[in-house]
Amino acid sequence: MLRIKQQTNPSVTSKESVPLKEVYIEACLHSFAADVKLTQVFRNDESVPIEAVYCFPVEENAAIYAFVARIDDGREIVAEIKEKKLAQQEYTHALAQGHGAYLFEQDEDSNDIFVVSVGALKPNTECRITISYVTELDLLHDNEKPIIRFVIPTTIAPRYSPSNKGISSPGGTQAEYIESAPYTIEFVCKIDKIDQHVSSISSPSHPIVVDFNNDDAFIVTFSQQGIQLDRDIIVDIELSKTRTNTIAAVEKGALMVSFMPNEEDCRGSSNDRRNEFLFIIDCSGSMDEDNKIGLACKAMLLFLKSLPTNCCFNIVRFGSTFSPLFSDQVTREYNATNLHEAETLIKCMTANMGGTELLEPLKWLKKNKPPVGCARQIFLLTDGEVSNVDQPSRALVKGLARVTNGYYTFIPPQTKVDIHVAKQLARALQPSISNVHVKWNTNQTVLHSVPNHAPPVFARDRLLFYALLDESMAFDHATTVELFADISQKPLGVARIDHIPSVVDSQTIRRLAAKTLLHELLHGEKPAARECIIGLSLKYGILCPYTAFIGLERRLDVDSASNVDMELREVPIVLSPMNSSLRRLFPVSSSISSNRISSLRTDIDDIVDTMRFSEIALLSRDMLSEFSCKADMLESGSHAFYLSAAKLKRRKGFGSILQPAIGYVSSLFTKKTGVQPNNSRSNSHMHSTLSASPSGSMMNSPIMSASMDIFQAIDIQSQQKSEVDWPTDEYELVSRFVELQQYDGLWMLTEYDIKQLTGKSLANFSSSMVDTMEKASRNSVTTTAFVLVFLETRCISKKTLWQALSTKAHKRIAELLGGDETKVEQLLKDVRDQLM
2 MLRIKQQTNP
12 SVTSKESVPL
22 KEVYIEACLH
32 SFAADVKLTQ
42 VFRNDESVPI
52 EAVYCFPVEE
62 NAAIYAFVAR
72 IDDGREIVAE
82 IKEKKLAQQE
92 YTHALAQGHG
102 AYLFEQDEDS
112 NDIFVVSVGA
122 LKPNTECRIT
132 ISYVTELDLL
142 HDNEKPIIRF
152 VIPTTIAPRY
162 SPSNKGISSP
172 GGTQAEYIES
182 APYTIEFVCK
192 IDKIDQHVSS
202 ISSPSHPIVV
212 DFNNDDAFIV
222 TFSQQGIQLD
232 RDIIVDIELS
242 KTRTNTIAAV
252 EKGALMVSFM
262 PNEEDCRGSS
272 NDRRNEFLFI
282 IDCSGSMDED
292 NKIGLACKAM
302 LLFLKSLPTN
312 CCFNIVRFGS
322 TFSPLFSDQV
332 TREYNATNLH
342 EAETLIKCMT
352 ANMGGTELLE
362 PLKWLKKNKP
372 PVGCARQIFL
382 LTDGEVSNVD
392 QPSRALVKGL
402 ARVTNGYYTF
412 IPPQTKVDIH
422 VAKQLARALQ
432 PSISNVHVKW
442 NTNQTVLHSV
452 PNHAPPVFAR
462 DRLLFYALLD
472 ESMAFDHATT
482 VELFADISQK
492 PLGVARIDHI
502 PSVVDSQTIR
512 RLAAKTLLHE
522 LLHGEKPAAR
532 ECIIGLSLKY
542 GILCPYTAFI
552 GLERRLDVDS
562 ASNVDMELRE
572 VPIVLSPMNS
582 SLRRLFPVSS
592 SISSNRISSL
602 RTDIDDIVDT
612 MRFSEIALLS
622 RDMLSEFSCK
632 ADMLESGSHA
642 FYLSAAKLKR
652 RKGFGSILQP
662 AIGYVSSLFT
672 KKTGVQPNNS
682 RSNSHMHSTL
692 SASPSGSMMN
702 SPIMSASMDI
712 FQAIDIQSQQ
722 KSEVDWPTDE
732 YELVSRFVEL
742 QQYDGLWMLT
752 EYDIKQLTGK
762 SLANFSSSMV
772 DTMEKASRNS
782 VTTTAFVLVF
792 LETRCISKKT
802 LWQALSTKAH
812 KRIAELLGGD
822 ETKVEQLLKD
832 VRDQLM
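Shown next as structure tokens:
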């Protein structure tokens, strides 16, 4: 990014020195698109001219088409789009001559970071910058009714930079991250009523007020004043219905068509192929914020229990390095033994792997191809805080989905991660349509049709296609568009005009089409030449990484000395609540030693939290396993840390933070309990359970030198805790069922479990369908049927969570009953009748 001046004292950020005073957002939503005007108010309250620089995010698929500066003396400067180097030269030259200049550019290393530079803002003057863009709206199917989601990013999450081994400022700036800023945001959103079928409007991010009294549009505003730019603005518009295959919008020279395949369209694809599932989990330091790692672990457990039995899988943790659960091969067979290893890993997984370096695990997967005839499904759980890739943050996730023919989901704040994970997994297990393309049946000349390469589409997914047409020809109202898949000769769907459209001159569709074209040329398998991309950007007036908007303010009575005392003022960026402590843990451009210190401190805190329990509670099987994993990680982490400290000649000072925890651990595991068992389980079983550590070195750790008295005490404690009360909350109930399901889909509930859940005995739930089975199989099939009925009748609102588990269990019961679906239905009916 271009900078004219260097910050004289970048460590000082006072309210007076922040030139950004207010942000206004005005948006108009129609059909599947939004037109947004973003206004930023800059004021110079200092005694010298300043260069105000503000780095902020915009959705990666946004088509930015205008940049206007309004000076407080009433003048309006409409910027021109030019090749970036030329625009930067004009900006530099204007400031050097004493004039004002306004530059707006995209960070070339990012798809969603933009920088506005207000050059030589004179003392006691104000400037209003307005940036205009159009963007597609996402269509979700989270509920029974479709939802259009409108998102405006407002903050840039701190991103780890491998080159600096710490948090880097975005967009090539030196902007600080702060927890609160003197500038705030106002928001007005107009939602077109015409042909929208809106049933409700809500926001999972901010308190809003909706005005329904306007004839043409619903007006959405914030219900509070002084809103900080610390989280994305999200508006959800629930529709009573949505059009499936239709020409959604018509403009002079552009068309937008929408397709939505149904289940029958997708059924042609085979779902019998063997799948391998790879789960890539971000365990970097930033995942420790807001318990993101804990939510990811809970989501991972749901992932694992929902997998089909005829698949292979692996878990890959990454941070500054990466670590596969199964290192001897890319994936292993999904069975009881391997599932147990995975569950053990999840229970002690922490965000202790340093920075967010995603490239290496992706290269490892690319190098190791899936077996012939096996379809690879990759699930990435990350907060997206990466700086060494071309698409960080939201753009990182979208970009990865795009280039891998995948699908992305963004999880709003204060929502359950595992619910969104369940939807993604359900999507992965469905058949899909691939290699889709369209045929435009129109009398107009089609100059460009985009996208050329659409990702695989699932049932009820929405596909948008654009055509840029010859503007000299009138629109043909008989135009149709056909959707094809693979080499099929028969179209899957035909889009027609289902109402008489008005051919408008807003250029929204033209701009979205041009943006989609630029995106394909930039990110295709063979990126287009830079000159070609610049030419299209200039032709359609849409910003790209190689162009910029430049506006010049010609001032009278100035010379080259007029701006000589100009100061650089970079607007600080407000941290979101979930990232508020990152600034303390990882200062900007922090060194590798501080990363290790914070990682070790996190490990120590985990052990301290565990030690808050009484010693007898600590000696339960689950707690000991978790404690041992964390202690083992601490031991290996501290070893690397000591080596680094020795090189820095700082071993003594740093080592002191570890001694209290190590001392306590040693004293605990060498203490005799004197408790004698009255029931003996296999000590070798306990030994194998504890050996299932991800690091594989637990039995070599000093903390594992405990006597057999410890293991005997654990047996008593685990027996006392085997009968745990069941929760009554629906979500927690489902979570318990997820934990208890076996790898093959069955549940084995105890008499105590059934009594807790129903007040009845297990013997009350019987069926002649299982009379011929041996007792163990009979009980397992019966309790599995009980869980299926219980979920259907008592946890129906959480069906998204348990749907895959239910399908897996149903299939296993059918196998045990000889594939007779009639018997399965009778068994479920018998259990259902006895439950009521």
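Count along the sequence shown from 1, add 1, and you get the number used in the numbering used here.
Note that the Cβ used here is the ideal one computed from N, Cα and C, for glycine as well.
A quick note: this is a predicted structure, and the numbers were derived from the prediction, not measured.
When we look at the beta-carbon of Phe213 and count the other beta-carbons within 10 Å, is it buried (16 or more) or exposed?
Label assigned to Phe213: exposed.
Using a Cβ-Cβ cut-off of 6 Å (strictly less than) and excluding sequence neighbours within five positions of Thr93, which residues of its own chain qualify?
Same-chain partners within the cutoff: there are none.
Segments assigned alpha helix (DSSP H), at least 4 residues, entirely inside the segment 311 to 357:
The qualifying runs are 337 to 348.
Report the three-state DSSP secondary structure of His449 (helix, strand or coil).
Strand at His449.
Taking DSSP as the reference, what is the three-state secondary structure of Glu290?
For Glu290, the three-state secondary structure derived from DSSP is helix.
Identify, in the order they occur along the chain, each residue of the same chain with its Cβ nearer than 7 Å to the Cβ of Ile534, setting aside the five sequence neighbours on each side.
Cβ neighbours of Ile534 within its own chain (closer than 7 Å, five residues either side excluded): Leu519, Leu522, Leu523, Cys545 and Tyr547.
When the distance is taken between beta carbons, is Val37 closer than 7 Å to Tyr134?
Going by C-beta atoms, Tyr134 is nearer than 7 Å to Val37.
To the nearest whole angstrom, what separates the beta carbons of Val49 and Glu571, a pair I think is in contact under 8 Å?
Not confirmed; about 16 Å, so no contact.
Can you name, in chain order, every residue of its own chain whose Cβ lies under 7 Å from the Cβ of Ser32, other than the five neighbours on each side?
Taking C-beta separations shorter than 7 Å and ignoring five residues to either side along the sequence, the partners of Ser32 in its chain run Ala249 and Ala250, following chain order.
By Cβ distance below 8 Å, which residues in the same chain neighbour Glu822 in space, the five residues on each side in sequence not counted?
Excluding positions up to five away in sequence, the list reads Ala815.
Taking C-alpha atoms, which residue in Thr785, Ile192 and Leu140 lies nearest to Leu828?
Of the residues Thr785, Ile192 and Leu140, the one whose Cα lies closest to the Cα of Leu828 is Thr785.
Please confirm whether Asp36 has its beta-carbon closer than 7 Å to some beta-carbon of chain D.
Annotation note: the requested chain D is absent from the structure, which comprises a single protein chain.
Who are Tyr55's beta bridge partners in DSSP?
Looking at the DSSP assignment, Tyr55 forms a beta bridge with Val117.
Any idea what DSSP makes of Ser203, helix, strand or coil?
Three-state result, Ser203: strand.
Which residues in the same chain as Asp477 place their Cβ atom closer than 8 Å to its Cβ, once the five residues preceding and following it in sequence are excluded?
Here the set comprises Thr443, Asn444 and Gln445.
Backbone CA spacing between Ile755 and Arg795 [nearest angstrom]
Taking C-alpha positions only, Ile755 is separated from Arg795 by approximately 14 Å.
Where the beta strand (DSSP E) containing Glu532 begins and where it ends
It is not in any beta strand (DSSP E) - Glu532 instead sits in the alpha helix (DSSP H) that spans Arg531 to Tyr541.
What residue range is occupied by the uninterrupted alpha helix (DSSP H) comprising Ile755?
It spans Glu752 to Thr759 - the alpha helix (DSSP H) in which Ile755 sits, taken as one unbroken run.
Val42 - partner residues in DSSP beta bridges:
Note: Val42 sits in a beta bridge opposite Glu23 and Arg129.
CA-CA distance, Val210 and Gln229?
Their backbone Cα atoms lie some 17 Å apart in a straight line.
Comparing C-alpha positions only, which one of Leu296, Gly355 and Asp217 sits nearest to Cys190?
Answer by Cα proximity: Asp217.
Taking the C-alpha atoms as reference points, what is the distance between Gly227 and Asp233?
Cα to Cα, Gly227 sits roughly 15 Å from Asp233.
Hey, Glu731 and Lys799: beta-carbon distance below 7 Å or not?
Remark: C-beta atoms of Glu731 and Lys799 approach each other more closely than 7 Å.
Grab the span of the beta strand (DSSP E) containing Leu363 for me, first residue to last.
Counting along the chain, no beta strand (DSSP E) covers Leu363; the unbroken alpha helix (DSSP H) around it starts and ends at Leu360 to Lys368.
Please go through the same chain and pick out, in chain order, the residues whose beta-carbon is closer than 6 Å to the beta-carbon of Ser324, but skip the five residues on each side of it.
These residues qualify, in order along the chain: Arg318.
How do the segment 65 to 80 and the segment 100 to 119 stand: do at least 3 beta-carbon pairs fall below 8 Å, yes or no?
The segment 65 to 80, when compared against the segment 100 to 119, does touch it at the 8 Å Cβ threshold.
Pairwise C-alpha distance: Arg275 and Leu513:
Answer to the nearest angstrom: the Cα atoms are 38 Å apart.
Three CB pairs or more closer than 8 Å across the segment 288 to 295 and the segment 326 to 341
In short, these stretches do not touch, since the Cβ pair count stays below three.
Nearest to Lys809 by CA position, among Gly494, Gln197 and Cys312, is which residue?
The candidate whose alpha carbon is nearest that of Lys809 is Cys312.
So what does Phe105 bridge to, in DSSP terms?
Partner(s): Val117 and Phe550.
Rounding to the nearest angstrom, what Cα-Cα distance links Leu363 and Ala515 in this structure?
Approximately 31 Å between the Cα atoms of the pair.
On a Cα-Cα basis, can you pick out the residue from Leu464, Thr480 and Lys491 that is closest to Leu470?
Closest option to Leu470, Cα to Cα, is Thr480.
CA-to-CA distance, Phe791 to Glu752, given in whole angstroms:
Glu752 and Phe791 have their alpha carbons spaced roughly 16 Å apart.
Anyone know if the C-beta pair for Val782 and Leu806 falls short of 7 Å?
Going by beta carbons, Val782 and Leu806 fall outside the 7 Å limit.
According to DSSP, His31 sits in a beta bridge with which residue or residues?
Assignment of beta-bridge partners to His31 by DSSP yields Ala34.
Short check: CB of Gly746 to CB of Arg813, under 7 Å?
Cβ distance < 7 Å, so Gly746 and Arg813 count as in contact.
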